[in-house]
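Notes to accompany the following structure.
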């Protein structure tokens, strides 16, 4: 059973982000970004730009409050 299944939150996306792309997501303020595994030592190709190397993150859209 994965962490995503345990939480029951299907709005999470597990993607690999390099520091540049992660910063772009953070600047918008529309997403909550959490590192999937702080013990991850091997970097992978960024899912977004497919150029730089990065780590796995959970990316969740921020719900609008009103």
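Residue numbers (my numbering): 34 to 99. Every residue, glycine too, gets a C-beta built ideally from N, C-alpha and C. Every value quoted in this text rests on a predicted model; they were computed, and no experiment measured them.
- For the stretch 38-98, the continuous beta strand (DSSP E) assignments of 3+ residues that do not extend past its boundaries occur at 46-50, 64-68, 86-94, in sequence order.
- With respect to the 7 Å criterion, residue 69 and residue 47 are classified as neighbours on the basis of their beta carbons.
- Note on geometry: alpha-carbon atoms of residue 77 and residue 62 lie some 25 Å from one another.
- Contact annotation: residue 79 and residue 72 have beta-carbon atoms that are not nearer than 7 Å.
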